[in-house]
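Number of protein chains: 2
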Amino acid sequence: MTRSKSDKHPEASARRGFLRTSLLGGLAALTAGRSQAEPAPLPVPPWTHHPGAGVGSAPYGQPSSFEKQVIRRFLPWMRATRESSVSFTPLADLHGIITPSGLHFERHHAGVPAIDPAQHLLVIHGLVEQPLKFTLQDLLRYPAVSRVHFIECAGNGALEQRGAQLNKVQYTHGMISSSEWTGVPLRLLLGESGLRKGARWLLAEGADAAAMARSFPLDKALDDALIAYAQNGEMLRPEQGYPLRLVLPGWEGVANVKWLRRIEVGERPWEMREETATYTDLLPSGKARQYTFIQEAKSVITSPSPERPLPGKGAQVIKGLAWSGEGKVKRVDVSFDGGRNWRTARLTGPVLDKSLTRFEIDWDWNGREALLQSRAIDETGYVQPSYRELRAVRGTASMYHNNAIQTWLVHADGEVENVQLG
Amino acid sequence: MTRSKSDKHPEASARRGFLRTSLLGGLAALTAGRSQAEPAPLPVPPWTHHPGAGVGSAPYGQPSSFEKQVIRRFLPWMRATRESSVSFTPLADLHGIITPSGLHFERHHAGVPAIDPAQHLLVIHGLVEQPLKFTLQDLLRYPAVSRVHFIECAGNGALEQRGAQLNKVQYTHGMISSSEWTGVPLRLLLGESGLRKGARWLLAEGADAAAMARSFPLDKALDDALIAYAQNGEMLRPEQGYPLRLVLPGWEGVANVKWLRRIEVGERPWEMREETATYTDLLPSGKARQYTFIQEAKSVITSPSPERPLPGKGAQVIKGLAWSGEGKVKRVDVSFDGGRNWRTARLTGPVLDKSLTRFEIDWDWNGREALLQSRAIDETGYVQPSYRELRAVRGTASMYHNNAIQTWLVHADGEVENVQLG
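Protein chains in written order, with my numbering: chain A, 1 to 422; chain B, 1 to 422.
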């Protein structure tokens with residue numbers, strides 16, 4: 001592994017000359033033949049001539065009309081119905097570690113119910129000393145915590161794991177989003193209900209038409225599980241479980257049950273449909289791994305990507321996302337030669353527990369074909385695997401929990417293609 | 001100053017019995033006369049009977065229709081035109097430390113221009129070695145940083161400072177919002193342009209019809225100033241400066257110039273309209289403080305508040321927001337008797353530099369009138385002042401930078417009224 005000098009200084013690229021010589025379009029002198037302190041007057045753009053829209057024009061604001069291509073997208077051929085399907089987050093268009101709520105990926109099993117919060121109840125029952133019910137207004141009166149966490153569908157990259165090479169990062173990795181979630185720690189409510197002898201597992205069930213239900217162990221409930229009512233500052237969006245959602249930080253999306261209506265406490269898992277017939281990992285032996293909750297360390301370069309070709313050779317800033325369901329991202333390495341050599345990237349924003357994390361690395365592109373990869377290392381020391389390493393364990397029939405290293409082939413013209421290396 | 005035992009443990013209120021005895025509505029037994037492990041089957045709500053909306057129904061999602069009252073609001077009588085006016089963030093409806101971009105407060109001087117980003121340029125000129133111009137696409141290729149910061153209008157609470165007692169926290173404090181901002185550090189671009197001898201101040205000018213312009217010192221530019229293009233994960237909203245905004249973390253909103261088109265480097269401030277005729281603090285001596293950029297430590301209780309009356313006596317969780325333009329919030333104290341006694345609140349979410357910070361404290365309300373206050377202490381040791389302390393320095397004619405302690409009078413029926421204590 002080699003490292004360039006610039007790895008030592010997070011803003012080494014700020015040194016003068018690096019970008020001046022490379023980003024000619026941006027850095028050309030404004031004028032020639034005039035005093036540098038007094039350039040030609042700037043042309044006055046049309047929107048400076050007349051007052052714009054006043055306050056009250058948009059009581060709830062929206063993106064600029066020039067950004068209308070930045071939307072969730074779905075693949076019509078992927079699933080039989082749109083009610084049991086997926087829409088993907090446009091990762092190549094996003095910045096920072098918050099996903100705008102309007103662009104959070106969707107995965108529903110029977111569509112999005114339109115729930116009147118005044119009629120919605122959360123019930124806690126089963127092996128408890130005292131069954132309890134809560135309205136949304138009750139829960140708003142409890143102590144709250146707010147934390148930034150990603151949610152990733154266990155099936156993110158499932159088609160890739162089966163050999164597909166979709167040519168957009170929106171489709172290869174877009175079933176992950178990250179939000180500031182606010183809610184009541186589940187352990188608080190279980191402290192109120194009390195637990196009876198033998199309590200070891202919980203069942204969470206949604207109020208959607210699938211009555212989507214998943215089992216999860218008590219340890220997680222007593223650790224960092226949240227009964228969330230808010231996302232990115234406001235009440236949950238309908239697609240994300242309005243008015244209540246279970247958030248199990250770092251665990252597969254399907255277990256973060258939306259439209260949450262009841263939590264039952266019991267001795268063992270319930271073996272529901274979405275933890276037996278689906279969301280299990282079929283191994284080469286013919287057996288399936290079950291209750292594999294954790295979304296392990298993973299990363300992807302979002303620029304360049306199929307949606308973000310390189311504009312020309314010379315200095316580049318490579319940008320991407322990393323995450324781990326086990327905790328914080330400790331390091332991200334980037335390779336420009338298909339995994340033979342690695343350099344350490346810089347982390348450029350908040351580094352939070354079980355949250356999306358931004359990385360960047362400088363690269364002087366010689367204009368020839370290159371194979372770009374990134375790999376995340378989390379605070380447990382776990383290293384994101386290659387496809388070869390993943391398949392050595394999981395075989396070729398598995399389709400969930402694909403956290404293999406992504407390879408982008410950069411062509412000489414700057415276009416980027418999704419290729420799979422072993 | 002007295003402290004209750006519960007201050008020592010952030011989740012002391014999780015102890016069983018505290019809420020069981022107080023939140024009767026939420027905690028009543030679900031059933032009576034049945035096995036606790038097998039409550040009556042839950043009624044099936046109407047939305048569980050039929051599939052909901054599928055993916056693709058909302059390529060860019062929106063809040064639930066049940067949340068349509070959560071909007072920015074303005075006071076029609078406050079300013080002559082809506083193009084040069086204010087809309088306020090509904091703080092009592094929000095959670096966590098991210099303000100949804102659609103609810104970020106607005107303050108415009110000539111309305112919101114509808115800028116085509118392909119025609120927009122940022123120019124850096126004046127006392128530089130090399131004048132430079134940048135398109136949005138140029139800036140996207142630079143190294144980026146993402147940070148959560150509040151922006152507060154210098155006039156937040158101006159009417160209160162002049163003696164008004166508006167009876168909504170949306171109007172008394174709603175000119176503050178907090179976002180994850182992503183952009184290029186300004187020092188990087190100044191490193192590219194170079195600085196000539198004498199460079200000490202900069203001017204930032206917007207492309208709106210007011211050509212709103214403000215001077216700011218070079219030290220801030222070289223510290224944490226950002227040329228921001230993204231907010232909460234996506235490109236800036238039009239009301240927040242799309243496509244480019246100067247972000248001066250912790251400094252008064254007006255200096256965070258929106259629709260940024262040029263930065264000029266010079267020797268001294270330019271004495272523009274919005275730093276001479278307005279946005280200065282008129283002192284009792286008749287002189288005005290000028291270039292008072294920093295929004296000092298401040299806090300407000302958002303629940304209870306005029307919009308969030310108390311539902312009844314007994315155990316309450318008091319919730320609020322604190323912030324400081326000087327750095328991190330170190331501590332928040334809460335008084336229930338108009339400032340005679342103070343208890344330390346717990347901080348319940350991320351505590352970040354120059355960002356909104358959440359606090360909570362438990363209170364057992366005896367049902368009698370009470371005067372609730374909060375005061376923020378930041379990492380410099382600065383303590384948020386009372387109105388008496390603020391006016392001792394600033395007099396009564398000043399209307400900017402009001403960071404005085406807010407008092408809520410809780411009536412016996414739980415209603416909350418805005419009162420001003422000296």
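Just so you know, even glycine gets a beta-carbon here, dropped at the ideal spot from N, CA and C.
- Message: Threshold first: 3 residues or longer. Then list the beta strand (DSSP E) segments lying entirely within the region 106-150 of chain A, N to C.
- Response: Complete beta strand (DSSP E) runs here, min 3: 122-126 and 132-134.
- Message: For the region 294-311 of chain B against the region 210-230 of chain B, do three or more pairs of beta-carbon atoms, one drawn from each stretch, fall closer than 8 Å, so that the two count as touching?
- Response: Short answer: they don't touch.
- Where does Gly425/A land, buried or exposed, given buried means 16+ other C-beta within 10 angstroms? Look at the range of chain A in this structure, 1 to 422, and you will see that residue 425/A is not part of it.
- Task: Let me know the secondary structure DSSP gives Tyr171/B once reduced to three states.
- Result: DSSP places Tyr171/B within a helical segment (H, G or I) once states are collapsed to three.
- Message: Give the list of continuous alpha helix (DSSP H) stretches no shorter than 4 residues that lie fully inside the region 190-265 of chain B.
- Response: For the region 190-265 of chain B, whole alpha helix (DSSP H) runs of length 4 or above, ordered along the chain, are 218-222.
- Locate the alpha helix (DSSP H) running through Gln161/B, then write down its first and last residues. Unbroken alpha helix (DSSP H) run through Gln161/B: Ala158 to Gln161.
- Message: Let me check one thing: in DSSP terms, what residues is Ala370/B bridge-paired to?
- Response: DSSP output for Ala370/B lists Val410/B as bridge partner(s).
- Message: Short of 7 Å in beta carbon distance, which residues of its chain neighbour Gly367/A, apart from the five on each side in sequence? Order them along the chain.
- Response: Answer for Gly367/A: Lys313 and Ala412, listed in chain order.
- Item | 8 Å contact criterion, which Gly327/A and Thr99/B should meet: CB distance rounded | Between Thr99/B and Gly327/A the Cβ distance is about 28 Å, and since that is not below 8 Å, they are no contact.
- Message: Just to make sure I have the definition right: I need the residues of chain A whose C-beta is within less than 7 Å of the C-beta of Gln119/B. Which are they?
- Response: Per Cβ cutoff of 7 Å: Pro45.
- As assigned by DSSP and simplified to three states, the class of Pro185/A: Strand.
- Task: Mind listing the chain A neighbours of Arg209/B? Cutoff is C-beta to C-beta under 9 Å, in chain order.
- Result: Before going further, note that residue 209/B is Ala rather than Arg in the sequence given. Neighbours of Ala209/B on chain A, chain order: Trp47, Thr48, His49, His50, Pro51 and Gly52.
- State the Cα-Cα distance for the pair Lys319/A and Thr182/B, rounded to the nearest angstrom. Lys319/A and Thr182/B have their C-alpha atoms some 13 Å from each other.
- Item | Length of the line joining the Cα atoms of Ala204/B and Arg107/A | Using only the alpha carbons, I get a separation of about 44 Å.
- Could you pull out every residue in the same chain whose Cβ sits closer than 8 Å to the Cβ of His49/B, ignoring the five residues on either side in sequence? Around His49/B: no qualifying Cβ.
- Task: Please report how far the alpha carbon of Val145/B lies from the alpha carbon of Val317/A, in whole angstroms.
- Result: In this structure, the CA atom of Val145/B is about 12 Å from the CA atom of Val317/A.
- Task: Mind checking who Asp281/A pairs with in its DSSP beta bridge?
- Result: For Asp281/A, the beta-bridge partners assigned by DSSP are Arg289/A.
- Cβ of Ala32/A within 7 Å of any chain B Cβ: At Ala32/A, the pLDDT of 36 sits below 50, so the modelled position is not reliable and the matter cannot be decided from this model.
- Message: Pop quiz: Gly174/A and Thr89/A are said to be a contact at Cβ under 8 Å. What is the actual Cβ separation, rounded to whole angstroms?
- Response: Distance from Gly174/A to Thr89/A at the Cβ level is roughly 5 Å; contact confirmed, criterion being Cβ atoms closer than 8 Å.
- Is there contact here, the region 157-173 of chain B with the region 210-219 of chain B, by at least three beta-carbon pairs under 8 Å? Flag = no, the region 157-173 of chain B and the region 210-219 of chain B do not touch.
- Task: Could you list the residues in the region 211-245 of chain A with a C-beta less than 7 Å from some C-beta on chain B, going in chain order?
- Result: Identification of residues in the region 211-245 of chain A having a C-beta nearer than 7 Å to some C-beta of chain B yields Ala211, Ala230, Asn232, Gly233, Glu234, Met235, Arg237, Pro238, Glu239 and Tyr242, given in sequence order.
- Message: Please report whether the beta-carbon of Leu94/A lies at a distance below 7 Å from any beta-carbon of chain B.
- Response: Taking a beta-carbon distance threshold of 7 Å, Leu94/A counts as an interface residue toward chain B.
- Message: 7 Å is my cut-off, CB to CB: does His9/B come that close to chain A?
- Response: Residue confidence is low: His9/B scores 35 on pLDDT, short of 50, so the model does not pin down where it sits. Its coordinate-derived value is still stated next. Chain A contact via Cβ: absent.
- Cβ of Ser64/B within 6 Å of any heavy atom in the ligand MG? The ligand MG is absent from the structure shown, which contains no ligand whatsoever.
- Residue from Ser64/B, Leu356/B, Pro143/B and Thr344/B with nearest C-alpha to Ser374/B: Nearest option by C-alpha distance: Thr344/B.
- Task: Output the distance between the C-alpha atoms of Val410/B and Gln165/B, rounded to the nearest integer angstrom.
- Result: CA-CA distance, Val410/B to Gln165/B, rounds to 15 Å.
- Query: Using the beta-carbon count (16 or more within 10 Å), is Asp119/A buried or exposed?
  - Reply: The residue asked about is misnamed: residue 119/A is Gln in this sequence, not Asp. With fewer than 16 other Cβ atoms inside 10 Å of its own Cβ, Gln119/A counts as exposed.
- Could you name the residues of chain B that Asp116/A contacts, counting a contact when the two beta carbons are closer than 7 Å? Near Asp116/A (Cβ distances below 7 Å), the residues of chain B are Phe66.
- Task: Say whether chain A places a C-beta atom closer than 7 Å to the C-beta of Ile151/B.
- Result: For Ile151/B, the answer is no, since every Cβ of chain A falls outside 7 Å of its Cβ.
- Query: Whole-angstrom Cβ separation of Arg245/B and Val254/B, contact assumed at under 8 Å?
  - Reply: In this structure, Arg245/B and Val254/B do not form a Cβ contact; the two beta carbons are roughly 12 Å apart against a cut-off of 8 Å.
- Message: When you compare the CB positions of Ala297/B and Gln384/B, do they come within less than 7 Å of one another, or not?
- Response: Ala297/B is a Cβ neighbour of Gln384/B, given a cutoff of 7 Å.
- Query: So the beta strand (DSSP E) Glu417/A belongs to, where does it begin and stop?
  - Reply: Where Glu417/A is concerned, the enclosing beta strand (DSSP E) stretches over Val416 to Val419.
- Cβ-Cβ separation, Ala376/B to Ser324/B (assumed contact under 8 Å), whole Å: Ser324/B to Ala376/B, Cβ: 6 Å. Contact.
- Exposed or buried, which one is Lys220/A when buried takes at least 16 other CB atoms within 10 Å? Lys220/A is buried by the Cβ-count criterion.
- Item | Residues near Pro350/A in its chain [Cβ-Cβ closer than 7 Å; skip 5 each side] | Here the set comprises Ile97.
- Alpha carbon to alpha carbon, how far is Asn156/B from Trp201/B? Give it in angstroms, no decimals. Their backbone Cα atoms lie some 26 Å apart in a straight line.
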